[in-house]
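Just so you know, we're using this note's numbering here: the sequence shown kicks off at 325 and counts up by one.
The beta carbon of each residue, even a glycine, is placed where N, CA and C say it ideally should be.
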Amino acid sequence: MFVMQVDYGSRAPDRLREGLPLQTPIPGVGAREAMYLNRTFVMDLSICLPASYNPSNKDEEGKDFRYCFDFKHLNLVASVVEESGFLRAWKKWDRGHKRKMPVKKVTSYKVTPMQLKAKNKSTIIWRQFDLPEPENYCGQMDWDFDAVHVVRGEKAQNKELWPHLDSDTSPDALLTKLKEMVPPWRNLYVATNEPFYNYFDKLRSRYKVHLLDDYKELWSSTSEWYNETTQLNDGKPVEFDGYTRVAVDREVMEVLMSLQGSQMETDDPTTSYMLQAWARLCKCLGQDFLPYMSVVMPPLLQSAQLKPDVTITSADPDNDIEDSDDESMETITLGDKRIGIKTSVLEEKATACNMLCCYADELKEGFFPWIDQVAPTLVPLLKFYFHEEVRKAAVSAMPELLRSAKLAVEKGMAQGRNETYAKQLSDYIVPALVEALHKEPDTEICASMLDALNECIQVRSIVDEIKQVITASASRKRERAERAKAEDFDVEEGELIKEENEQEEEVSEILGTLVKTFKASFLPFFDELSSYLTPMWGRDKTAEERRIAICIFDDVAEQCREAAIKYYDTYLPFILEACNDESPDVRQAAVYGLGVCTEFCGPIFKPLVGEALSRLNAVIRHLNALQSENVMAYDNAVSALGKICLFHRGSIDAAQVVPAWLNCLPIKGDLIEAKVVHEQLCSMVERSDNDVLGPNHQYLPKIVAIFAEVLCGKDLATEQTASRMVNLLRQLQQTLAASTLASAWSSLQPQQQLALQSILSS
325 MFVMQVDYGS RAPDRLREGL PLQTPIPGVG AREAMYLNRT FVMDLSICLP ASYNPSNKDE
385 EGKDFRYCFD FKHLNLVASV VEESGFLRAW KKWDRGHKRK MPVKKVTSYK VTPMQLKAKN
445 KSTIIWRQFD LPEPENYCGQ MDWDFDAVHV VRGEKAQNKE LWPHLDSDTS PDALLTKLKE
505 MVPPWRNLYV ATNEPFYNYF DKLRSRYKVH LLDDYKELWS STSEWYNETT QLNDGKPVEF
565 DGYTRVAVDR EVMEVLMSLQ GSQMETDDPT TSYMLQAWAR LCKCLGQDFL PYMSVVMPPL
625 LQSAQLKPDV TITSADPDND IEDSDDESME TITLGDKRIG IKTSVLEEKA TACNMLCCYA
685 DELKEGFFPW IDQVAPTLVP LLKFYFHEEV RKAAVSAMPE LLRSAKLAVE KGMAQGRNET
745 YAKQLSDYIV PALVEALHKE PDTEICASML DALNECIQVR SIVDEIKQVI TASASRKRER
805 AERAKAEDFD VEEGELIKEE NEQEEEVSEI LGTLVKTFKA SFLPFFDELS SYLTPMWGRD
865 KTAEERRIAI CIFDDVAEQC REAAIKYYDT YLPFILEACN DESPDVRQAA VYGLGVCTEF
925 CGPIFKPLVG EALSRLNAVI RHLNALQSEN VMAYDNAVSA LGKICLFHRG SIDAAQVVPA
985 WLNCLPIKGD LIEAKVVHEQ LCSMVERSDN DVLGPNHQYL PKIVAIFAEV LCGKDLATEQ
1045 TASRMVNLLR QLQQTLAAST LASAWSSLQP QQQLALQSIL SS
């Protein structure tokens, strides 16, 4: 037999007892121990009566019937008999037998069930849980407390889903709220996922604060009690903290359910807050949130399906939009029309879409029953151009919906659906994502769409789509080229050829984004595309096609670096030849790629340095190099030349090449390359590069002039580089001979001298 003596007394307060679940730790642990020790569990069954047996809620013989246990559940776990009947039978048996039953009384919680089983053969084991602290492991916690559940931790970092969480759960905010509800110096238990123990110290000025860390002997993985109860509980840890949270969570659910059923105005901000509150609870409860989904989803879908409230009127000042004073209405003027959009509706819609994504992500296969309603709601919103947040949420939800369907089918929870359903859903979502990707104006959302596509179908399907686009475009171009020879070829057909170039440009941008996102892991897919891209390098192709092909290689070389070296034998000859292309756009792409190869190719580039210098020299010395149509190619060629000076100094005649590069500076057309080149020069001067400074510092006047032009120019260097240049000039003022400084100063224009004096004196 196994006897468990329980004394709950009057210390469990009403608020806590009303919130506790039907099974509490002591009977559950006792039943598990009895089963493990092969004993019958003896307990006072009066505490198992449901609360309805005592509607007055009055104590009877010290027992509070609101604090009850599920006897049927305990009886399933172990053999259970009623205590008073057992004691009467035991006394009667004891009087009639000379041989007494061996009884082992266990008063310390530190004696584990394993120790009892190994050392004790007594018929009756009497374990007591009513001893005073600290021996009673559950009694070590003062149960006469008020419970507060504070959700923080990582959630405080998610400003989109919990925008006000950080301030609302600060100690000051909590103290203000608690003063209205909890008398001073009560025991206050804070159930929270906040990782910093001292975060709630301010509450200690008014309350006796208890945190989970104060009771490590009840839940720490090093605790003997924790490990024993876990083993007895089928390997599932006893969730100590959960029993306190439920006291608060039940009240929260009741409030939200009440609000959900009330009628609110269309633009009532409470709606948005309530949607977020449900989502936060879902994050906390996980799969336990599923019973509430039938309440949450209908209004959530209704919010996600809201139509944008748009008003279009004449831009005439006499025809103001009626609601122009409404803070929730934004207006823009396009031509002779004034467009008003009610932002509160869009914000509610965006919040709802984010919440749908949250539920799908958190509930996984549990979200399956709602997919048929959610997918048709969110897929069209991939092209909802009124609001970026709506599109972002719709994009994020796509892989989550597919994952939910896949898991539900795999786990037999798909309500009779099979793999065909998951494929149909994929066939619905993926083409919609691809189509939206081609039209998406925001680059950040483009990247999100590519990530979503990768999650939905892996990258291979995108590559297949690109193959089809390139093949179909090439076929149409051939047909139109033939048509161009016909007499009836018109201007409209010529415009269609331009549209083909635009589509190829989009392909280039998609591939560029893929390479930047996945880097070297994308190269196996690039290998598949090479045979489709290589023909675009041909001299028979348009300049635009050649430029696009070179830009794709530039992206691969820059993002994949050493991993892309295997392509150099194939593509570098094209790059070198294209440096002298008739089209300045092609030349720019080619010399930029040459600079990338110079930087990342390493020793493999050494045999090509001579030819690269020759090609770059031709671009730099082009008769009209500095004219507007050629200046971008010129600037990129100067940048590439600087990289040869930096990374392959040993393979060049530095005394000739470095001064030639210096004479090309500063560059002012390509502002991105300008920042790179001028930072490179600054670094060379800082380390006193002899080839840059020249014999007897003869190039210093030129360097001072370059610095002056950069500092007086607009956006030619980063703030950090400009600051370094100023410091270098101040050092030169102090260290250079007066004659050298005067020579450098005289090479400047008068306005540059004045500007530089102002900069150096500030």
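Where residue i falls: helix, strand or coil (DSSP)
| i | result |
| --- | --- |
| Asn522 | helix |
| Arg662 | strand |
| Asn678 | helix |
| Val506 | coil |
| Asn511 | strand |
| Leu535 | strand |
| Lys1038 | coil |
| Thr655 | strand |
| Ser854 | helix |
| Asn460 | Low confidence applies here, because Asn460 scores a pLDDT of 39, under 50, leaving its location unreliable; read the following figure in that light. Looking at Asn460 - three-state DSSP - the assignment turns out to be coil, as it is neither helix nor strand. |
| Thr364 | coil |
| Ser797 | helix |
| Lys635 | Sequence inspection shows Thr at residue 635; the Lys mentioned does not correspond to that position. It is a strand residue. |
Straight-line Cα distance separating residue j from residue i
| i | j | result |
| --- | --- | --- |
| Thr881 | Gly919 | In the sequence on display, residue 881 carries Ala and not Thr. If you take the alpha carbons of Ala881 and Gly919, they lie about 10 angstroms apart. |
| Cys988 | Leu705 | 51 angstroms |
| Glu385 | Leu411 | With a pLDDT of 44 at Glu385, under the threshold of 50, the modelled position of that residue is not reliable, and no figure is offered here. |
| Arg662 | Ser668 | 19 angstroms |
| Lys967 | Gln1081 | 32 angstroms |
| Leu687 | Leu527 | 35 angstroms |
| Leu947 | Thr657 | 47 angstroms |
| Asp909 | Ala957 | 7 angstroms |
| Tyr709 | Pro1074 | 52 angstroms |
| Val962 | Ser938 | 13 angstroms |
| Lys747 | Phe692 | 15 angstroms |
| Ala628 | Leu777 | 22 angstroms |
| Val427 | Ala601 | 54 angstroms |
| Ser606 | Leu731 | Note on identity: in this sequence residue 606 is Cys, with Ser being the wrong assignment. Each residue's Cα considered, the two are about 19 angstroms apart. |
| Thr795 | Glu789 | 10 angstroms |
| Leu624 | Asp878 | 46 angstroms |
| Gly610 | Tyr616 | 11 angstroms |
| Cys925 | Leu950 | 29 angstroms |
| Met773 | Val1009 | 44 angstroms |
| Thr744 | Tyr752 | 12 angstroms |
| His711 | Ala936 | 48 angstroms |
| Leu1035 | Ala1041 | 8 angstroms |
| Tyr523 | Val506 | 20 angstroms |
| Leu1017 | Gln1077 | 21 angstroms |
| Ala1043 | Arg885 | Here residue 1043 is Glu; the residue named in the question, Ala, does not match the sequence. Glu1043 and Arg885: Cα-Cα distance of roughly 28 angstroms. |
| Leu835 | Leu847 | 11 angstroms |
Other residues of its chain near residue i: CB distance less than 6 angstroms, five sequence neighbours each side excluded
| i | result |
| --- | --- |
| Lys840 | Gln883 |
| Leu702 | Ala718, Ala721 |
| Glu654 | Ile665, Thr667 |
| Asn904 | Ala942 |
| Pro508 | Arg530 |
| Lys532 | Asn511 |
| Glu1003 | Thr1045 |
| Ser975 | Lys930, Val933 |
Cβ shell of residue i (< 7 angstroms), same chain only, five flanking positions each side left out
| i | result |
| --- | --- |
| Ser832 | Ile872, Cys875, Ile876 |
| Phe971 | Thr922, Glu923 |
| Ser1000 | Reading the sequence as shown, one finds Val at residue 1000 and not Ser. Within the same chain, Val1000 has close Cβ partners Ser963. |
| His762 | Glu830 |
| Lys735 | Glu689 |
| Glu953 | Pro908 |
| Val850 | Val is not the amino acid found at residue 850; the sequence shown has Phe there. These residues qualify, in order along the chain: Val880. |
Same chain, Cβ closer than 8 angstroms to residue i, neighbours up to 5 away in sequence not counted
| i | result |
| --- | --- |
| Asp775 | Thr841 |
| Leu1072 | Val1028, Ala1029, Ala1032, Leu1080 |
| Ser491 | Ala497 |
| Leu614 | Leu687, Gly690 |
| Ile769 | Glu712, Arg715, Lys716, Val719 |
Exercise. In the stretch 977-1019, which residue ranges form an unbroken beta strand (DSSP E) of at least 3 residues, counting only runs that do not cross its ends?
Worked result: Under the rule that a run must span 3 or more residues, no beta strand (DSSP E) segment is found entirely inside the stretch 977-1019.
Problem set entry | Three or more C-beta pairs below 8 angstroms linking the stretch 888-900 and the stretch 861-879 | The way I'd put it, the stretch 888-900 does touch the stretch 861-879; three or more beta-carbon pairs between them come closer than 8 angstroms.
Exercise. Touching or not, the stretch 905-920 and the stretch 868-881, by the rule of three or more beta carbon pairs under 8 angstroms?
Worked result: With a cut-off of 8 angstroms, the stretch 868-881 and the stretch 905-920 count as touching, because enough Cβ pairs lie within range.
Problem set entry | alpha helix (DSSP H) segments (min. 4 residues) lying fully within the stretch 684-712 | Within the stretch 684-712, the complete alpha helix (DSSP H) runs of at least 4 residues are 695-702.
Exercise. Curious, which full-length alpha helix (DSSP H) runs of at least 4 residues does the stretch 864-933 contain?
Worked result: Restricted to the stretch 864-933, the alpha helix (DSSP H) segments that are unbroken, complete and at least 4 residues in length are 867-884, 892-902, 908-924, listed in chain order.
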